[in-house]
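> Below: one structure in structure tokens.
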């Protein structure tokens, strides 16, 4: 037995010596990094150990996450730098293409704050998007990180030569990417099906290379590499208890082939590393630190082999990499190719870019994402090209989307309109380029609609047409109809405290608006409004119906507005400033209001939000007043309630029911303290005070003390349907409390 063991030991020693003799002095070492989603972060740990061992990497080949890590490493980053970068990344925001609200144009802000679900709708058929994410945030990040090699077209000329693998989705063949624009190549290689949309390169539609070749060992060996170090982070097969999502099922199906392929590819690998990451999933980015450590630990087990390999290599003077540390770009020129139905002005308007201009990377990326958020482009390929000392040209290659029709859904509840289900149909390029037509139809306790047609001219004057119908019925104080002044001056008497009111509003507008100083929305317009409200509680009309019509008049006005909005969230703002100013000049009136005389209404609202950690304070102040004829009372300010869409000077106010307070002048201030107890769950404490009445500036009623106040304690939850908010409010003047409930986006 002892003799047999000695023979075996001698045999392996001879084999090892023979193998080493076949390796030339100063061997070329290729590194192969497999795909594996979040598991690919283990590559960073392996690279850290390879650097410690002193191994010189002569060529890198990667797929999917291996392409991302490998491409960045090939561009000159060290493993330590990659570690720091990926630990700082918010992968949820990165993957979901989370676009900061403050970066969107005003039109997109309104769209975001209304619809819960948006689906392509072509040929009267609902279609699902090609991926959960377009991957635009990912592409923006890669473009910034590789800006220092943006002029390198041949990946063999990178600080470390590089290639990656993607899949041609039309024929199922592997595509080896060795030239082009590095961020585009690694984005295509990492476009995991169902998670990211496919990527176009040279008119070829590509997805994750792991579909056909998740471990490009043959491609790296073909580059003349003598030694192959391979890192395998591919997912293992899972049992039924761990197949709980569509992505996990698709990943399992793909794993059947890749695991079988690795049986042969492993034999072609000289130093094979397989980190122990079986407990992590392909989307476990929140466990990145542990995954990186697993890669480091695995490479530590091969430290002797790595050091021995490094000892056989001749030292090579490392190429000095000059990283771009600037936080801003000075853009002197923008080239846009691929436009058919949209104009260059439209693109620049969505980018909020006027050239020449100095913009931060963050602002530039937000503009790119805003352009993507329009849904009008299925592919936004851009390249930053240094065009002189510190100056850049941006070259865009756009591919317009063929989807013209969208189906959007929403749901809402509040104390004024009560329940409502929203069905929206949006049609782009209906009559001309850059236009969008949108029809909201709302059913529930009250039927409503809102139609908007908008021709977006970017930085030039955009044109809009709007028509809407709003209706609600509610018990309101008698003061809604008969103001205190009317009671005192004309002796109106009624024994009722409340009456049931049916309130309807039809508004038609034509307006023109533009961006002012890149941040303000400036607009002017003309408006027709038909107001009608009646009560069936009291009186009999001329047709002997048990009702009294208090208002049935057509009003015609011209108006202007100015808006500034950098709030990061409409409902739970943590940062930002808001201002809105509106001036209406009512010129004509026709109908029940026979004594109409022209008058004006001016109003403004401002807000500021600031957060420290999970704690946020928001301060708001607003006011409005009437100028001219006081006989028309239908457009007075009415206060009370919470959570509804504001129309016709109806203003929310904690502690009072909607429409409880009335006057032709009002001032209101509010302070809210919000604490996010855990993600998307909020506890808040709010207070508001107000003076409201008639002619407060004339009779000094606006400074004679606080007439009305309310305090509220609430809970808020951010959901995909919109915010759910419940507030318990108390008014000291009434010595009574109110429950305010609002659910879903307001519409």
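Numbering (UniProt numbering), first residue to last: 1 to 747. Ideal Cβ placement from N, Cα and C applies to all residues, glycine included.
Are residue 74 and residue 44 touching if we call contact CB-CB under 7 Å?
No. Outside cutoff.
> Taking only three categories from DSSP, how would you classify residue 399?
Note: residue 399 maps to strand in three-state DSSP.
> Give the C-beta separation of residue 423 and residue 441 to the nearest angstrom, bearing in mind that I take them to be a contact with Cβ-Cβ under 8 Å.
So it is a contact: roughly 5 Å between Cβ atoms.
> Under 7 Å Cβ to Cβ from residue 179, same chain only, skipping five residues before and after it: list those, please.
Hits under 7 Å: 153, 154 and 155.
> Please classify residue 161 as buried or exposed, where buried requires at least 16 other C-beta atoms within 10 Å of its C-beta.
Under this definition residue 161 is a buried residue.
> Touching or not, the stretch 610 to 622 and the stretch 379 to 391, by the rule of three or more beta carbon pairs under 8 Å?
Taking 8 Å as the limit for Cβ pairs, the verdict is that the stretch 379 to 391 does not touch the stretch 610 to 622.
> Applying the 10 Å Cβ sphere with the 16-neighbour rule, what's the burial state of residue 673?
Looking at its Cβ environment, which holds fewer than 16 other Cβ atoms inside 10 Å, residue 673 is exposed.
> Looking only at C-alpha atoms, which of 196, 746, 214 and 357 sits nearest to residue 644?
Checked all of 196, 746, 214 and 357; the closest Cα to residue 644 is 746.
> What do you reckon, are the CB atoms on residue 208 and residue 64 nearer than 7 Å?
Result yes, Cβ atoms of residue 208 and residue 64 sit closer than 7 Å.
> Over what stretch of residues does the alpha helix (DSSP H) that includes residue 111 continue unbroken?
Residues 106 to 112.
> On the DSSP bridge list, what partners appear for residue 303?
DSSP output for residue 303 lists no bridge partner at all.
> What's the call for residue 619, buried or exposed, on a 16-neighbour Cβ count within 10 Å?
With fewer than 16 other Cβ atoms within 10 Å, it is exposed.
> In terms of alpha-carbon separation, which member of 743, 508 and 142 lies closest to residue 468?
The shortest Cα separation from residue 468 among 743, 508 and 142 belongs to 508.
> Considering residue 551, what are the terminal residues of the beta strand (DSSP E) in which it resides?
548 to 565 is the span of the beta strand (DSSP E), which, as asked, contains residue 551.
> How is residue 183 classed by DSSP in three states: helix, strand or coil?
Correct three-state label for residue 183: helix.
> Can you give me the C-alpha to C-alpha distance between residue 516 and residue 96, rounded to a whole angstrom?
Near 31 Å, if we compare the C-alpha coordinates of residue 96 and residue 516.
> Does the distance from the CB of residue 42 to the CB of residue 283 come in under 7 Å?
Contact flag unset, no.
> Can you tell me the Cα-Cα spacing of residue 359 and residue 327, whole angstroms?
Near 9 Å, if we compare the C-alpha coordinates of residue 327 and residue 359.
> Would you call residue 460 buried or exposed, if buried means 16 or more other Cβ atoms sit within 10 Å of its Cβ?
Result: exposed.
> Between residue 742 and residue 642, how many whole angstroms is the CB-CB distance? I'm expecting something under 8 Å.
Rounded, the Cβ-Cβ distance is 6 Å, consistent with contact.
> Which whole runs of the beta strand (DSSP E) in the stretch 138 to 187 are 3 residues long or more, in chain order?
Those beta strand (DSSP E) runs which fall completely within the stretch 138 to 187 and span 3+ residues are 162 to 168 and 174 to 177.
> Rounding to the nearest angstrom, what Cα-Cα distance links residue 49 and residue 289 in this structure?
Approximately 15 Å, taken between the alpha carbons.
> Within 10 angstroms of the Cβ of residue 658, are there 16 or more other Cβ atoms? Answer buried if so, exposed if not.
Buried.
> Taking the alpha-carbon positions, what's the residue 629 to residue 549 distance?
Residue 629 and residue 549: Cα-Cα distance of roughly 22 Å.
> Return the chain-ordered ranges of every alpha helix (DSSP H) run that is complete within the stretch 358 to 413 and spans a minimum of 4 residues.
The stretch 358 to 413 contains these whole alpha helix (DSSP H) runs: 361 to 373.
> Considering only DSSP beta bridges, list what residue 206 is partnered with.
Bridge partners of residue 206: 168 and 199.
> Rounded to whole angstroms, what's the CA-CA distance from residue 655 to residue 481? Just pull it up for me.
Distance between the alpha carbons of residue 655 and residue 481: 21 Å.
> Spell out a yes or no on whether the stretch 445 to 462 and the stretch 341 to 358 are touching, meaning 3 or more CB-CB pairs, one atom from each, closer than 8 Å.
Segments in contact, yes.
> Enumerate in chain order the residues of its own chain whose CB-to-CB distance from residue 669 is below 6 Å, with the five nearest sequence positions on each side excluded.
Around residue 669: 621 and 689.
> Out of 579, 719 and 158, point me to the one whose CA is closest to residue 572's CA.
When only C-alpha atoms are compared, the closest one is 719.
> Among 197, 609 and 564, which residue has its Cα nearest to the Cα of residue 104?
The option with the nearest alpha carbon to residue 104 is 564.
> For residue 728 and residue 475, I'd like the C-alpha separation in whole angstroms.
Roughly 21 Å between the two C-alpha positions.
> Specify, as a first and last residue, the run of the alpha helix (DSSP H) that residue 51 falls within.
Start and end: 42 to 53.
> For a test of the three-state rule: what should DSSP assign to residue 264, helix, strand or coil?
Residue 264 falls in the helix class under three-state DSSP.
> Starting from residue 662, trace the beta strand (DSSP E) in both directions and tell me its first and last residue.
First-last of the beta strand (DSSP E) with residue 662: 661 to 663.
> Taking the alpha carbon of residue 407 as the point to measure from, which residue in 120, 139, 34 and 582 has its own alpha carbon closest?
The candidate whose alpha carbon is nearest that of residue 407 is 120.
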